[in-house]
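Colleague: In full-length UniProt numbering, the protein residues as written are 1 to 577.
By construction, the Cβ of each residue, glycine as well, lies at the ideal position given by its N, Cα and C atoms.
#1: Which residue comes first and which comes last in the alpha helix (DSSP H) that contains residue 223?
#2: Can you give me the C-alpha to C-alpha distance between residue 351 and residue 208, rounded to a whole angstrom?
#3: For residue 420, name the three-state secondary structure that DSSP assigns.
#4: Check residue 60 in the structure and name its three-state DSSP category.
#5: Indicate whether residue 97 and residue 145 have their beta-carbon atoms separated by less than 8 Å.
#6: Measure how close the beta-carbons of residue 300 and residue 322 come, nearest whole angstrom, since I'm counting them as under 8 Å.
#7: Measuring only the C-alpha atoms, how far is residue 87 from residue 346?
#8: Does the stretch 314 to 334 come close enough to the stretch 350 to 367 that 3 or more CB-CB pairs lie under 8 Å?
#9: Let's test the definition: count the other Cβ atoms within 10 Å of the Cβ of residue 47 and tell me whether it reaches 16, buried, or not, exposed.
#10: Compute the distance between the beta-carbons of residue 65 and residue 431, then report whether it is under 8 Å.
#11: What does the alpha-carbon distance come out to for the pair residue 200 and residue 164?
#12: For residue 106 and residue 140, which I take to be in contact (beta-carbon distance under 8 Å), what is that distance rounded to the nearest angstrom?
#13: Among residues of its own chain, excluding the 5 on either side of residue 589, which ones have a beta-carbon nearer than 6 Å to its beta-carbon?
#14: Smallest Cα separation from residue 57: which of 423, 147, 548?
#15: Across which residues does DSSP place residue 322 in a beta bridge pair?
#16: Please name the residue or residues paired with residue 362 in a DSSP beta bridge.
#17: For residue 36, which three-state DSSP category applies?
#18: So, under 8 Å CB-CB, residue 338 and residue 246 are touching, yes? Tell me the CB distance rounded to an integer number of Å.
#19: Can you give the Cα-Cα distance for residue 584 and residue 61, rounded to whole angstroms?
#20: Would you identify the three-state DSSP class for residue 44, choosing helix, strand or coil?
#21: Would you identify the three-state DSSP class for residue 514, choosing helix, strand or coil?
#22: Does the beta-carbon distance from residue 557 to residue 572 come in below 8 Å?
#23: In its own chain, which residues sit with a C-beta less than 6 Å from the C-beta of residue 308, not counting the 5 before and 5 after it?
#24: Taking the alpha-carbon of residue 450 as reference, which of 507, 399, 489 has the nearest alpha-carbon?
#25: Who are the Cβ neighbours of residue 488 in its own chain at under 8 Å, not counting the five residues just before and after it?
#26: The alpha helix (DSSP H) that contains residue 129, what's its start and end?
#27: Could you have a look at residue 542 and say whether DSSP puts it in helix, strand or coil?
#28: Taking the alpha helix (DSSP H) that residue 219 belongs to, which residues open and close that run?
#29: Hey, could you find the ends of the beta strand (DSSP E) residue 23 is sitting in?
#30: So residue 2 is in the beta strand (DSSP E); what residue range does that whole segment cover?
#31: Under the three-state reduction of DSSP, which class applies to residue 178: helix, strand or coil?
#32: Please determine, among 442, 454, 577, 428, the residue with the shortest C-alpha to C-alpha distance to residue 469.
#33: Could you check where the beta strand (DSSP E) with residue 530 kicks off and where it finishes?
#34: Work out the CA separation of residue 374 and residue 401 for me, nearest whole Å.
#35: Below 6 Å CB to CB, which residues in the same chain sit around residue 94 once its five sequence neighbours on both sides are set aside?
#36: Which value, in whole angstroms, describes the spacing of the CA atoms of residue 499 and residue 548?
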């Protein structure tokens, strides 16, 4: 046994549990923790971000890509409040992140006083954090910090993953505690395989079955298991937006993601399937539409697998069967059964029909943004990460990004926060040392552009594509549809929205950059897009369209922009055969 400050133990705890990188911003109330990070700098990397929101998004990206605990450390008051947007992102997307913010001395805390503030930069942090974390801890002197940290770690990773928060008074940071000579990692419980045979048997017995696959699959590190399952069963997959990278684009079982901002192919499949197995998704209304009668109208069965029983309070279809089960256990059981029955069922006609339909539809609704993002992702290495921001750039990315076998895509799915993509890429590149590609718009890029500084100073392999059409294109679609084309605060024409020169900004941070206007111009920068240094491309264009923009549930063959003559009839004939 030995005696060390709590701040030292905290850093040793991170190291023992495999955390290699933490993110944050220095401040008066966390000086002791930062001092400890400096002491252990040969075992753990600390990344000073430009803003605590960026640090929290970086921690999200790190946790999403590595499967490890994401850590963000901020000072009290404004440091804590700045980080909350990133923590809300972790909450809605089930990302295991630990937020640690400093706090005034325990004797200076406001506690039950009625006046607004007692200590400088003090804020009632725990009640502010509680709605968006799995548990918030109000630390005090004399607590069992070792047991507390173990518990917080387990909570972040157990069941539906998510963030936890520790409010750390500065005198607690320097308190001396007795600890083991070697800090042991936290052991997480494992679950036994679930008997999924009856559900897989029903799926295989259907004529036109599909699997709806969500981001929960990759959050649990089950992407390879899922791909094996799909290849054994030979069943088409319709992913949600967070699950869009689960199946490679060239797989015969790949169908584009579902939702009101998706391409038509997924909607066509949903209108014709007769059996659905849902894995790793809560099937939100944004994905399936608000009128559930229009969702999978021909299906005789919908099997939903979810550990969070509250999701089943929202019944989607009368034919629904809910399976309360940990997805890891269900996947293990499903794989066991799939290996036994592989090749015993033939869905070739259904898979072939989907391939023919997708071939007919592949050139429909392709905007400049779609083609640009498609070509940008074609230039990426086999194993790479993509972060998408929020706006039309997100839709172009989800619709048209080329998913290779090693491609992984992340976005702010539940919270939908602009400004996610650049700092998340920072966290991913820091944790994986792998090329990470950002697709963002001129609006979202400006939200956390200061994180280019850390990316540059750390020489991280982050490649940024800014789609600069000088407008907030996604909001314009709403304004044109509902507000008689009154484009307030969305265009530079009205002098109330402003883009900027991203090439000049990147150079100011020490990042190589260029500007393109044509898609083919990307080819001359393939070297910069695949080397180990940061690089930014500003693609300047005028188009702000997003197609087909069909609200979830509506028939994609009769709604949206008119299809070429005879195409709808050809597709309908293929799908109904």
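Modeller: On the basis of the data shown:
#1: 223 to 233
#2: 9 Å
#3: coil
#4: helix
#5: no
#6: Contact between residue 300 and residue 322 does not hold, since the beta-carbon distance rounds to 16 Å and is not under 8 Å.
#7: The C-alpha of residue 87 lies about 46 Å from the C-alpha of residue 346.
#8: no
#9: buried
#10: yes
#11: 36 Å
#12: 6 Å
#13: Because the chain in this structure spans residues 1 to 577, residue 589 falls outside the shown range and cannot be described.
#14: Nearest C-alpha to residue 57: 423.
#15: Answer is 304, bridged to residue 322.
#16: By DSSP's assignment, residue 362 forms no beta bridge with any residue.
#17: helix
#18: Rounded, the Cβ-Cβ distance is 16 Å, inconsistent with contact.
#19: Residue 584 cannot be examined here, being either before or after the span of the chain that is shown, 1 to 577.
#20: The answer is coil: DSSP assigns residue 44 none of H, G, I, E or B.
#21: In the structure shown, residue 514 sits in a strand (DSSP, three-state: E or B).
#22: The Cβ-Cβ distance between residue 557 and residue 572 falls below 8 Å.
#23: 160
#24: It is 507 whose Cα lies nearest to the Cα of residue 450.
#25: 479, 494, 496
#26: 125 to 129
#27: coil
#28: 216 to 219
#29: Unbroken beta strand (DSSP E) run through residue 23: 21 to 24.
#30: Following the DSSP letters along the chain, one finds residue 2 inside the beta strand (DSSP E) bounded by residues 2 to 5.
#31: strand
#32: 442
#33: Note, residue 530: premise wrong, no beta strand (DSSP E); alpha helix (DSSP H) at 526 to 530.
#34: 5 Å
#35: 160, 161, 162, 219
#36: 26 Å
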